[in-house]
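*Asks:* Quick note, the sequence shown lines up with residues 8 to 62 if you use this note's numbering.
One structure follows; several queries about it will come next.
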Amino acid sequence: MDWLLRETKQLEKTATTYEEKAFYQELEYIIREQYKRIEQAEGELDGTLWSPKKW
């Protein structure tokens, strides 16, 4: 994730138009949201696997 966010920030810095800068800012937001959802899904999966009620 860090690599992807660094690349996005670098691209945002080199962007020359407002549209490009806005695109990279939104892309960074989407990347962070996706990683948050991945972490939540991993936690849910881990909790399900360790719950004897769901075996």
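In this text, a Cβ means the ideal position worked out from N, Cα and C, and glycines have one as well.
1. Please state if the CB of residue 38 and the CB of residue 11 are separated by a distance shorter than 8 Å.
2. Using C-beta distances below 8 Å, list every residue in its chain close to residue 15, excluding the 5 sequence neighbours before and after it, in chain order.
3. Where does the unbroken alpha helix (DSSP H) through residue 60 begin, and where does it stop?
4. By the three-class DSSP mapping on this structure, what secondary structure does residue 24 have?
*Replies:* Looking at the atomic coordinates:
1. Yes, these two residues count as a Cβ contact at 8 Å.
2. Excluding sequence neighbours, residue 15 sits near 31, 34, 35, 38.
3. Residue 60 -> no alpha helix (DSSP H), and no H or E assigned at all.
4. In the displayed model, residue 24 falls within coil according to three-state DSSP, outside both helix and strand.
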